[in-house]
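J.: Quick one: structure below, then a few questions.
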Amino acid sequence: MVTIKIDDIEVQVPEDTPILKAAEKAGIWIPTMCYNDLIEPYGVCRLCSVEVIRGKRSRVVTSCNYPVREGISVRTNSEKIKWIRKVIMELMVSRWPNVKVVREMAEKLGIEKPRFESLEKDEAPDACILCGLCVNVCRDLVGASILGFAYRGIKREVVLPFDEITDKCIVCGACAHVCPTGHVKMIVEDYKGKKPEFTLGPKTAIYVPSMQAVPRVPVIDPESCIHFKTGGCETCAKVCEPKAINYEMKDEVVEIDVGQILVATGYDLFDASQMAQYGYGRYDNVYSSLEFEMMLNSTGPTGGKVLTKDGKEPRAVGIIHCIGSRDTNYHPYCSRVCCMYALKFAHLVHDRTNAAIYQFYIDMRAFGKGYEEFYSRLLDEGINMIRGKAAEVVEAPPVNGQQGNLLIRCEDTLIGKFREIPVDMVILCNAIEPKRDSDIIRRLFSISKSPDGFFLERHPKLDPTATTTDGVYIAGCAQGPKDIPDTVAQASSAAARILTLISRGEVEIDPVRAMVMDEYCSGCRICNNLCPYGAIEFLEDKKISHVNEALCKGCGTCVAACPSSAMTGQGFTDAQILSELEGLLI
Numbered sequence: 207m208v209t210i211k212i213d214d215i216e217v218q219v220p221e222d223t224p225i226l227k228a229a230e231k232a233g234i235w236i237p238t239m240c241y242n243d244l245i246e247p248y249g250v251c252r253l254c255s256v257e258v259i260r261g262k263r264s265r266v267v268t269s270c271n272y273p274v275r276e277g278i279s280v281r282t283n284s285e286k287i288k289w290i291r292k293v294i295m296e297l298m299v300s301r302w303p304n305v306k307v308v309r310e311m312a313e314k315l316g317i318e319k320p321r322f323e324s325l326e327k328d329e330a331p332d333a334c335i336l337c338g339l340c341v342n343v344c345r346d347l348v349g350a351s352i353l354g355f356a357y358r359g360i361k362r363e364v365v366l367p368f369d370e371i372t373d374k375c376i377v378c379g380a381c382a383h384v385c386p387t388g389h390v391k392m393i394v395e396d397y398k399g400k401k402p403e404f405t406l407g408p409k410t411a412i413y414v415p416s417m418q419a420v421p422r423v424p425v426i427d428p429e430s431c432i433h434f435k436t437g438g439c440e441t442c443a444k445v446c447e448p449k450a451i452n453y454e455m456k457d458e459v460v461e462i463d464v465g466q467i468l469v470a471t472g473y474d475l476f477d478a479s480q481m482a483q484y485g486y487g488r489y490d491n492v493y494s495s496l497e498f499e500m501m502l503n504s505t506g507p508t509g510g511k512v513l514t515k516d517g518k519e520p521r522a523v524g525i526i527h528c529i530g531s532r533d534t535n536y537h538p539y540c541s542r543v544c545c546m547y548a549l550k551f552a553h554l555v556h557d558r559t560n561a562a563i564y565q566f567y568i569d570m571r572a573f574g575k576g577y578e579e580f581y582s583r584l585l586d587e588g589i590n591m592i593r594g595k596a597a598e599v600v601e602a603p604p605v606n607g608q609q610g611n612l613l614i615r616c617e618d619t620l621i622g623k624f625r626e627i628p629v630d631m632v633i634l635c636n637a638i639e640p641k642r643d644s645d646i647i648r649r650l651f652s653i654s655k656s657p658d659g660f661f662l663e664r665h666p667k668l669d670p671t672a673t674t675t676d677g678v679y680i681a682g683c684a685q686g687p688k689d690i691p692d693t694v695a696q697a698s699s700a701a702a703r704i705l706t707l708i709s710r711g712e713v714e715i716d717p718v719r720a721m722v723m724d725e726y727c728s729g730c731r732i733c734n735n736l737c738p739y740g741a742i743e744f745l746e747d748k749k750i751s752h753v754n755e756a757l758c759k760g761c762g763t764c765v766a767a768c769p770s771s772a773m774t775g776q777g778f779t780d781a782q783i784l785s786e787l788e789g790l791l792i
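Going by the numbering used here, the sequence shown opens with residue 207, and the numbers climb by one from there.
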């Protein structure tokens, strides 16, 4: 540590700390317009100049890149320094008179009007002030070196190489992020019906998927991360105190020997764009349930505020139930959770806004403990409940030359009338559907699926967690749509079943099994392809099939198909059956 005096205030800082940061620790403000913590400073603006005194010698240095040394004292506001800053600031104001950051800095330094006129005055409010931050961040941090300076003196400007757009630019936005005037901008393409993930998704390449994620640790998106594109940046690794970030880590397949498996693969959300009548992907402010949940999250992109695309609070919100569920064209089953989270959405919107709220439902299925009471509470809050399936969502005609909001067309079966409800925001309660890769999982574990596509349990009432394959259990929405309490109960039941078998040490299996008589097996492999449980393997060394007794369920498919009668049921060979008949007849 080094002890120095800054304006007669003693401060201790690590050696080689820039004077600017040491002054910041001491609570002393030093003006600067070209410093950024992300990149190495180079003092181009000269506003951060200070007077360094060592013994009888005094010199003027830029504080942003001059390291502290033992025995020096610093004056940040001497008459010499004030004069230097005044001249520099007057030159800047004369050249860029309308730039906000320049005017604010001039005001802080007590400068109202410059004494000279610039020959290269730029009166744009977002003019480039040649701080060089964009050039340095592109070269030193990003590692792309797309931006550079051209010409010298008063003609100096920031340009692209040969004034041509290059594909070397990775569009990371670092230059726009550090630009103090807004001269460098990220122009984001906007259009009607823009997918909400572009506006509601994570804003950085490293992020926590959700506050409820287990484990709740950040993940890096390699397709967005600067380091994986140019080899530069590594800012997250520099600021991570536990040094937990490893860019060399790769995805890997790990094989683990286990005796039992709990399949809890979850669900996918129905893609509402398949039902074009509701405008998802065509109109602004039409959100799926998970997208709106992200908006309501206090750590989300709006900080938990309910806002439309233009940043305003909605005047009316429509919540449409059963998008893709209870519909023979898509999914005939009920998704079970939609009614209650739709009521939760209505309650939170009512709590955070003054918007009128409309619920469009087929039947209100508040079946759980306390659910009916919550429904009654929302009726008391003034939520509008419209019984009837919404027909479509359309744009309202423009009013006074301004774009109209949205209209929800529906039939209100309680009053027997067709209605059009104007709203600013529509929330779609998408159906829960099986995972898209569920067929791969089904074949992998030799388990069955019900007609709706979810995994089939052994018995819906007596054994809802087990499958027809011993040692493989299912829980949660892998077995069918269910809410959190039911999922927790089923998962706890499956875990208890697994622990019971583990504590027992040995497992009894059904004696009804298929067996191969080796002397008759011709190695045709017909049984291998027919076995629904994957219990038959082919032994290459003996050129015969072999039955894994732990997997075989004794269904008899292989026995019936074997052309050489080499496959038979254990305890039910032809000789044994004939002996039994002989015993009965004699």
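Ideal Cβ placement from N, Cα and C applies to all residues, glycine included.
Taking only the alpha-carbon atoms, compute the straight-line gap between ILE568 and ASN535 and give it to the nearest angstrom.
T.: Locating residue 568 in the sequence shown gives position 362, where the first residue counts as 1. Locating residue 535 in the sequence shown gives position 329, where the first residue counts as 1. Those two C-alpha atoms are separated by around 16 Å.
J.: Write down every uninterrupted run of the alpha helix (DSSP H) in the region 281-316 whose length is 4 residues or greater and which is fully enclosed by it, in chain order.
T.: The qualifying runs are 285-301, 306-314.
J.: So, helix, strand or coil for VAL765, using DSSP?
T.: To locate residue 765, count along the sequence shown from 1; it is residue 559. In the structure shown, VAL765 sits in a helix (DSSP, three-state: H, G or I).
J.: So, using beta-carbon positions, are ALA384 and ASN242 closer together than 8 Å?
T.: Taking the sequence shown and counting its residues from 1, one reaches residue 384 at position 178. Taking the sequence shown and counting its residues from 1, one reaches residue 242 at position 36. The sequence given here has Val at residue 384, not Ala. Taking 8 Å as the Cβ cut-off, VAL384 and ASN242 qualify as a contacting pair.
J.: For GLY775, write down the residues that DSSP places opposite it in a beta bridge.
T.: Here residue 775 refers to the residue found at position 569 when the sequence shown is read from its first residue. Paired residue(s): ALA720.
J.: Taking contact to mean 3 or more Cβ pairs, one atom from each stretch, closer than 8 Å, check whether the region 727-734 and the region 748-764 are in contact.
T.: The region 727-734 vs the region 748-764: in contact.
J.: Does DSSP put LYS759 in a helix, in a strand, or in coil?
T.: Start at 1 with the first residue of the sequence shown, and residue 759 comes out as number 553. If DSSP states are grouped into helix, strand and coil, LYS759 belongs with coil.
J.: Go ahead and label VAL377 buried or exposed: buried means 16 or more other beta carbons lie within 10 angstroms of its beta carbon, across all protein chains shown.
T.: Here residue 377 refers to the residue found at position 171 when the sequence shown is read from its first residue. Counting Cβ neighbours within 10 Å, VAL377 comes out exposed, since fewer than 16 surround it.
J.: In angstroms with no decimal places, state the Cα-to-Cα distance between THR693 and THR514.
T.: The sequence position of residue 693 within the sequence shown is 487, counting from 1. The sequence position of residue 514 within the sequence shown is 308, counting from 1. If you take the alpha carbons of THR693 and THR514, they lie about 33 Å apart.
J.: Going by DSSP, name the residue or residues bridged to ASP669.
T.: For this step, residue 669 is matched to residue 463 along the sequence shown. Note: ASP669 sits in a beta bridge opposite HIS665.
J.: Please classify GLY729: does DSSP put it in a helix, a strand, or coil?
T.: Sequence index remark: in the sequence shown, residue 729 carries index 523 (1-based). Correct three-state label for GLY729: coil.
J.: Are there 16 or more other CB atoms within 10 angstroms of the CB of GLU788, so buried, or fewer, so exposed?
T.: Numbered from 1 along the sequence shown, position 582 holds the residue referred to as residue 788. When all chains shown are included, GLU788 counts as exposed.
J.: Return the first residue and the last residue of the alpha helix (DSSP H) that VAL445 is part of.
T.: Start at 1 with the first residue of the sequence shown, and residue 445 comes out as number 239. From DSSP, the alpha helix (DSSP H) with VAL445 extends over 441-445.
J.: Does DSSP classify ALA470 as helix, strand or coil?
T.: Numbered from 1 along the sequence shown, position 264 holds the residue referred to as residue 470. Coil, per DSSP.
J.: Judging by CA-CA distance, which residue of LEU705, MET723, GLN685, THR508 is the nearest neighbour of GLY775?
T.: As a working mapping, residue 775 is identified with position 569 in the sequence shown. When only C-alpha atoms are compared, the closest one is MET723.
J.: With a threshold of 8 Å between beta-carbons, can PRO386 be considered close to chain D, or not?
T.: Judged by its chain identifiers, the structure shown contains no chain D, having just a single protein chain.
J.: Per the contact definition of three or more C-beta pairs closer than 8 Å, is the region 613-625 in contact with the region 586-599?
T.: Cβ pair count under 8 Å is three or more, so yes.
J.: In angstroms with no decimal places, state the Cα-to-Cα distance between ILE704 and VAL629.
T.: Taking the first residue of the sequence shown as 1, we reach residue 704 at position 498. Taking the first residue of the sequence shown as 1, we reach residue 629 at position 423. Their backbone Cα atoms lie some 51 Å apart in a straight line.
J.: Can you tell which of ALA482, MET417, GLY574 has its C-alpha closest to the C-alpha of ILE690?
T.: As a first step, residue 690 is located in the sequence shown; it is residue number 484 there, counting from the start. Selected option, being the one with the closest Cα: GLY574.
J.: As a quick exercise: from ASP213, GLY576, GLN483, pick the residue whose alpha carbon is nearest that of VAL256.
T.: The sequence position of residue 256 within the sequence shown is 50, counting from 1. That would be ASP213, whose Cα lies nearest to the Cα of VAL256.
J.: So, under 8 Å CB-CB, ARG362 and LEU336 are touching, yes? Tell me the CB distance rounded to an integer number of Å.
T.: Here residue 362 is taken as the residue at index 156 of the sequence shown, counted from 1. Here residue 336 is taken as the residue at index 130 of the sequence shown, counted from 1. Correct: roughly 6 Å between the Cβ atoms.
J.: Using the three-state DSSP reduction, which class does GLY437 fall into: helix, strand or coil?
T.: Position 231 of the sequence shown holds residue 437. GLY437 falls in the coil class under three-state DSSP.
J.: Out of curiosity, what's the CA-to-CA distance linking ARG558 and PRO237?
T.: The residue given as residue 558 occupies position 352 in the sequence shown. The residue given as residue 237 occupies position 31 in the sequence shown. Roughly 41 Å separates the two Cα atoms.
J.: Are the CB atoms of ILE210 and VAL293 within a distance shorter than 8 Å?
T.: Within the sequence shown, numbered from 1, the residue matching residue 293 stands at position 87. Within the sequence shown, numbered from 1, the residue matching residue 210 stands at position 4. Taking 8 Å as the Cβ cut-off, VAL293 and ILE210 do not qualify as a contacting pair.
J.: Where do the ends of the alpha helix (DSSP H) carrying VAL555 lie?
T.: Residue 555 sits at position 349 when you count from the first residue of the sequence shown. First-last of the alpha helix (DSSP H) with VAL555: 544-558.
J.: With 16 other CB atoms within 10 Å as the buried threshold, where does ILE792 fall?
T.: For the purposes of this step, residue 792 is taken as the residue at position 586 of the sequence shown. Result: exposed.
J.: Who pairs with HIS752 in a beta bridge, going by DSSP?
T.: Here residue 752 refers to the residue found at position 546 of the sequence shown. Answer is GLU743, bridged to HIS752.
J.: Please report the Cβ distance between ALA548 and ILE525, rounded to the nearest whole angstrom; I am assuming they are in contact, meaning their Cβ atoms lie under 8 Å.
T.: Residue mapping note: residue 548 aligns to position 342 of the sequence shown, counting from 1. Residue mapping note: residue 525 aligns to position 319 of the sequence shown, counting from 1. That pair is a contact at about 5 Å.
J.: So, helix, strand or coil for GLU788, using DSSP?
T.: Indexing the sequence shown from 1 puts residue 788 at position 582. Three-state DSSP puts GLU788 in a helix.
J.: Check whether the region 671-686 and the region 695-710 are in contact - that is, three or more C-beta pairs closer than 8 Å.
T.: Cβ pair count under 8 Å is three or more, so yes.
J.: Under three-state DSSP, which class holds LYS361?
T.: The residue given as residue 361 occupies position 155 in the sequence shown. Residue state, collapsed to three classes: helix.
J.: Determine the direct distance from the alpha carbon of VAL307 to that of LEU554, and round the result to whole angstroms.
T.: In the sequence shown, the residue the question calls residue 554 occupies position 348. In the sequence shown, the residue the question calls residue 307 occupies position 101. Approximately 39 Å, taken between the alpha carbons.
J.: Which whole-angstrom value describes the C-beta separation of LEU634 and ALA522, a residue pair presumed to lie in contact below a C-beta threshold of 8 Å?
T.: Within the sequence shown, numbered from 1, the residue matching residue 634 stands at position 428. Within the sequence shown, numbered from 1, the residue matching residue 522 stands at position 316. Going by Cβ atoms, the distance from LEU634 to ALA522 rounds to 16 Å, so no, they are not a contact pair.
J.: Using the three-state DSSP reduction, which class does GLN685 fall into: helix, strand or coil?
T.: Position 479 of the sequence shown holds residue 685. Reduced to three states, the DSSP call for GLN685 is coil.
J.: With three or more C-beta pairs closer than 8 Å as the rule, is the region 244-258 touching the region 335-354?
T.: Enough Cβ pairs lie closer than 8 Å, so yes.
J.: In terms of residue numbering, what span does the beta strand (DSSP E) encompassing MET500 cover?
T.: As a working note, residue 500 is residue 294 in the sequence shown. Where MET500 is concerned, there is no enclosing beta strand (DSSP E), although the alpha helix (DSSP H) it sits in stretches over 495-502.
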